[in-house]
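Engineer:
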Amino acid sequence: GLCVAFNVDVSSPRLLRGPPEAQFGYRVLQRAAGGRKWLLVGAPWDGPDGDHRGAIYKCPVGPPNSTCTRVNLGDAALRHGALPARNMHLGMTLLHGPGGGFVACAPLWSQECGTSVFSSGICTRMDSELRPVETLAPTAQRCSTYMDIVIVLDGSNSIYPWYEVQNFLSNILGKFFIGPGQIQVSWHRPCPTEAFSAARGGRPDATRLLIVVTDGESHDGEELPAALRECEQRNVTRYAIAVRRGARARARPRGAAHRPGPRQVLGHYLRRQQDPKDFIREIRSIASQPDDKFFFNVTDEAALNDIVDALGDRIFSLEGTPGANASSFELEMSQIGFSIHLLEDGILFGMVGAYDWDGTVLKEGPAGRVVPPREAFQEELPLELKNHAAYLGYAVSSLRLRGGKRLYVAGAPRFQHKGKVLLFELGAAGAVAVAQALAGEQIGSYFGSEVCVLDADGDGDSDVLLVAAPMFLGAQSKETGRVYVYRVGQRLVAPAGTLHAHKKPQDSRFGYALAAVPDLNHDGYNDVLVGAPLEDGHRGAVYVYHGAPGTVLPRYKQRIEAAALDSALSYFGRSLDARMDLSGDGLPDVAVGAQGAAVVLRARQIVQVNTSLTVEPAAVSVIERNCRRGGADAVCLRARLCFRAGTRARGSRHRDIDLRYNVSLEERAPGARAAFDASPRRRLQKRLELSLGRQSCVRIPFHVLDTSDYLRPLPFTVTLELEEAAPGPVLDEKSARTVRRLIPFFKECGEDDECVTDLVLRASMDIAGSGQSPFVLRKGRRKVLVAVALENRQENAYNASVRLRFSRNLLFSSLVLQDGSPVKLECAALGGHGRLCTVGYPVFRARAQVGASAAPRARPRLLPRSRLRPAQVSFTLEFEFSCSVLLDRAEVGLVASSDSAEAEATLQDNAVQLAAAVRYEPDLFLSSTATLHRYEVHPRGAHGPGPEFKTTVKVQNLGCYTVRNLTLRMALPASGYRGAAFLSVTRVIAGNATCVLRGPGEEPRTAAAPVHPEDLLHVDRLNCSTAACQVLSCELGRLPRGADVSVHVLRTLHDSFFRARREVRVGTGMGTGMGTGTGTGCLLRDAAGLLSSQLELEILQAKRVPVSLWILVGSIIGGLLLLAL
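If you use UniProt numbering, the sequence shown corresponds to residues 1 to 1125, in order.
#1: With which residues is Asp-1015 paired in a DSSP beta bridge?
#2: Pull up the CB-CB distance for Ala-433 and Lys-420, whole angstroms please, since I reckon it's below 8 Å.
#3: Expressed to the nearest angstrom, what Euclidean distance is found between the alpha-carbon atoms of Cys-105 and His-52?
#4: Quick one, are the C-beta atoms of Phe-844 and Ala-901 less than 8 Å apart?
#5: Of all the options Ala-410, Ala-496 and Ala-226, which has the alpha carbon lying nearest to the alpha carbon of Leu-381?
#6: From the DSSP output, read off the bridge partner residues of Gln-608.
#7: Please return the same chain residues whose Cβ sits closer than 8 Å to the Cβ of Phe-549, not counting the five positions on each side in sequence.
#8: Which residues in the same chain have their Cβ closer than 6 Å to the Cβ of Leu-16, if we skip the five residues on either side of it in sequence?
#9: Could you have a look at Tyr-163 and say whether DSSP puts it in helix, strand or coil?
#10: Three-state secondary structure (DSSP) at Gln-908?
#11: Using the three-state DSSP reduction, which class does Leu-228 fall into: helix, strand or coil?
#12: By the 10 Å Cβ neighbour count, where 16 or more other Cβ atoms means buried, how is Cys-1034 classified, buried or exposed?
#13: Beta-carbon within less than 8 Å of Ser-898's beta-carbon, same chain only, minus the 5 sequence neighbours each way: which residues are those?
#14: Find out if the Cβ-Cβ distance for the pair Phe-54, Leu-90 is shorter than 8 Å.
#15: Among Leu-804, Pro-63 and Ile-149, which residue has its Cα nearest to the Cα of Val-212?
#16: At the level of alpha carbons, what is the spacing between Glu-616 and Arg-482?
#17: Given Val-8, which residues of its chain have a CB within under 8 Å of its CB, disregarding the five upstream and five downstream residues?
#18: Suppose the cutoff is 6 Å on Cβ atoms and the five residues either side in sequence are ignored; what does the same chain contact list for Arg-998 look like?
#19: Find the nearest neighbour of Ala-429 within the set Ala-412, Glu-450 and Lys-363, judged by alpha-carbon distance.
#20: Can you tell which of Pro-939, Asp-923, Thr-951 and Val-918 has the C-alpha that lies nearest to the C-alpha of His-933?
#21: Which residues bound the beta strand (DSSP E) around Glu-891?
#22: Less than 8 Å between the CB atoms is what I'm expecting for Pro-470 and Arg-509, so what's the real figure, rounded?
#23: Can you tell me whether Arg-259 is helix, strand or coil according to DSSP?
#24: Which class does residue 1131 belong to by DSSP, given the choice of helix, strand or coil?
#25: Can you tell me where the alpha helix (DSSP H) with Ala-354 in it begins and where it stops?
#26: For the beta strand (DSSP E) holding Glu-561, just list the boundary residues, first then last.
#27: Would the beta-carbon of Ile-172 fall within 8 Å of that of Val-308?
#28: In chain order, what residues of the same chain have a beta carbon less than 6 Å from the beta carbon of Arg-803, not counting five sequence neighbours either side?
#29: Taking the alpha-carbon of Asp-461 as reference, which of Arg-644, Arg-281 and Arg-402 has the nearest alpha-carbon?
#30: Using the C-alpha atoms, what's the distance from Ala-22 back to Ser-570?
#31: Leaving out the 5 sequence neighbours to the left and right, which residues in its chain are closer than 7 Å to Ala-980 when beta-carbon positions are compared?
#32: Taking buried to mean at least 16 other C-beta atoms within 10 Å of its own C-beta, is Gln-913 buried or exposed?
#33: Suppose only complete runs of 4+ residues qualify. What are the alpha helix (DSSP H) ranges in the segment 283 to 309, listed by chain order?
#34: Does Phe-176 come out as helix, strand or coil in the three-state DSSP assignment?
#35: Leaving out the 5 sequence neighbours to the left and right, which residues in its chain are closer than 6 Å to Cys-452 when beta-carbon positions are compared?
#36: From the DSSP output, read off the bridge partner residues of Thr-952.
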């Protein structure tokens, strides 16, 4: 199927849709308040282009046609002071909060400070009615540009041209970062003393700056000291700019009237050649100290624009934060709310961007705010590894050890690219004591990006810590992901393996989301959900793991695939929550986030069904028949089935269940020994409405017709299942779905009901041979017969058999029963060279004496064992000798056995071992041909050798055995008295054979004295006893079955030897012989005697009346020496 199902219903999911471009489904959170239930869904990219503020959607889960609506939190809930909210991605984090509320975070909430943008993050706490209660921005800092600036211009008409002053004001204002959280500016002519008051818009905690621009001495100088003292009291920083007008001064525009003011223009001093030191001294006194930093002296109005850059730089270096021009950050980029965990005494925030992205944590609670300093984690995150971006706080949690101590948990998935998880204590002053560090094992796996703590038994102590590495590369370099399991002990955690996911190698990101959830399967232990949003081609899947005492079971109990819910789902499993009952049935429901969707899956009630089965009578009688069915005698029985259902679920509405069960009689067995009374079939389908907590019983009658196979019990099987129509209950996985009872047959084994047999085995083989006189396998004989007789001298032998083992040079051919034997035999191959032959299966019976009888329909009266007549079966086993394996012994072993008991004293006749020594006779054939059979010698012919002729000898292997190390030996008559040559070997063509030619006298066996020429007239044959011979020895090597080898000998006649003599006939004789092998020792030495044939060459004198002198020139092909290994 598409999912491995248990009790999370996938048949009727509730799909909630939202804008996919807004990342709807990034987070899900179940909510219930005031009798209403809904699902909160985060959409952190919600909003127009350029301002992804994010949003939270409220989705009712009750009405089937309801839609999700955006929650209007209002700008006030997402502001820190007067700062606006833009691109903050609200909804990246959602958390159940105290008092029935929840916390929503926007970790990318940013504030502009000058040219910098700091993403410090922000969270808002909502009540149960979704109303903002509190804004949490603990790391938001006041900008260094948070200033109130007052610009005071000379009130007289002496500063002109005015557009130069306007340019100066425009340029300097362009340098200022004006905004609610930064700089605000006011302009006064002249300077009122109340310019920084709250009534005029002054901010009491802002930095105060006064910029004075003038070109003349004041007329109310006596008030100046008091004004400066007031500025000092109000921490007003003062910049003074003196404008001196000289030769570059321009004429006043025509028509411009002279307007006297409180100050005389500096030009007045210059035109009258008066010293302006008093004026300069007064302007310097206005500036803050040191005056070289806060006083500017320009030549005229046009030169004001020359000091804009310098004035701006001095202003922004006045109250700069370390982040303004420094190379490192503290908490400005903390992104608070990226991860969040609810504590008993507050909230733990993860701050991945703090301390140059090394990260840290922050605890916010009634006792105050706790932020560890940069060096707090330096033992585990050394400062010399800065700029490596460990991302500590990517995931945060806490656990409680067995002894009651609480440890905080924070993941740093980018530490040294392998990741690390820290378990630590956090003091009230920010001191950190790291109790344990868990290190990742693979680069890039993001070990620690998700952590989850499980209290399996709900006793308040943590049992399991799960750490995810969702980018772990598995088989075939696929991003499978991995979740590590750590058991929580008294002081530390110990590794306990990993969770097992789908074995298919695929991109999965298993562990992208983790959630500890209430008990889903009603076993009293809380469970775990794991998301794998990239499985099945980015469709996604969710795994359900069940808790157990002190741990979590590593094998998943249910795998929910997105394809089983909706074909359009993608990235299913990116977020998880299952803490509440949204359907009102008292069971927790599972909420899963996907791309542009959220899915609510109902948990289903689990019931346990206990089944009991009894049969009356308890055994089937082989002989007694107590009823008739279908016109035949039968044995009738009755089965009683009882069911009791229960559940551990609390508050469930389902009190009755629909049970469907099937009853079968040896359903998969061939043939039919039994049947139900209600149906001729061997399978019944029934239904039953079962109330929880009550027992219901049914009776099912059936009968047995065939009792001949009474060794094999009769199986009675009950399989059951629930009518699992959603959202109905499901059957507990621990409940037996199949109940099977084997109904035995009543054995006829005497009054003691114990079968004691006495098997006697006899066997003989039709060949015999010993080491001194082995049996010879001659050509045409390849079979051996073994006669076997098995006798049962006592009671029935159940499952009797004869086990055969035979040597490798034998092949089993057949088994033949003797005529008239009523016992059935069947043989099956065993491993190697063996057979198992069953005898009279299922029982090899012992026959009673003649005259024994039994009353019909009653149990037979058995005779005493001493009066039983033996039963016997005889059969013949036929074997063939192998052509490929040659052994010097043929062996057959037989062992008889049964399942019945047998006395130790009678076991010695249960086995027979047969053996015979054997030798093999090769079947070789020797043949020869010649190209010259008659030759005429002329008395006056030319001197020299006669014609060359060829003799061919062929050796053929006609048997089925391969012959090795075969040697062909030929003795060739060559010369007569005193070495007079009459036949000479000119060439030997041997093919694959290796031949050696030895001259006369080199081999002692052919060294004979040639006859005298005078005696030659009385000799009719020349052979190795009357002439000197050459010996040709050829090693033929290996000769397989059906193969042959030929040797060609080319020779010449010498006419001079025969010219002075009478006419002769030269005969060539050939012979074969068998030798002994030096390898296996299985081939014979003189097995076939000598085979011979004749080739004749007739030599005639050129006379009118020829005189026949027959000379046997003994071209004796001197035997065939067979050396077979």
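Ideal Cβ placement from N, Cα and C applies to all residues, glycine included. These numbers were taken from a predicted model, which means no experiment stands behind them.
Structural biologist: Quick answer:
#1: According to DSSP, Asp-1015 bridges with nothing at all.
#2: With a Cβ gap of about 16 Å, Ala-433 and Lys-420 do not count as contacting.
#3: 14 Å
#4: no
#5: Ala-410
#6: Gly-646
#7: The sequence shown places Pro at residue 549, not Phe. Within the same chain, Pro-549 has close Cβ partners Ala-456, Asp-457 and Tyr-525.
#8: Cys-59, Cys-68 and Ala-598
#9: helix
#10: helix
#11: helix
#12: buried
#13: Thr-757, Leu-759, Ala-797, Tyr-798, Asn-799, Ala-800, Ser-801 and Phe-844
#14: In the sequence as presented, Phe is not what sits at residue 54; that position holds Gly. Yes, Cβ-Cβ distance for Gly-54 and Leu-90 is below 8 Å.
#15: Ile-149
#16: 55 Å
#17: Leu-520, Val-544, Gln-558, Ile-560, Val-590, Leu-601, Arg-602, Ala-603 and Arg-604
#18: Val-1031
#19: Lys-363
#20: Thr-951
#21: 889 to 897
#22: 4 Å
#23: Residue confidence is low: Arg-259 scores 39 on pLDDT, short of 50, so the model does not pin down where it sits. No coordinate-derived value is stated.
#24: Lying outside 1 to 1125, the shown extent of the chain, residue 1131 is not represented and no answer is given.
#25: 354 to 357
#26: 558 to 561
#27: yes
#28: Leu-836 and Val-895
#29: Arg-402
#30: 14 Å
#31: Phe-1057
#32: exposed
#33: 291 to 294
#34: coil
#35: Leu-466, Leu-514 and Ala-516
#36: Thr-929 and His-1048
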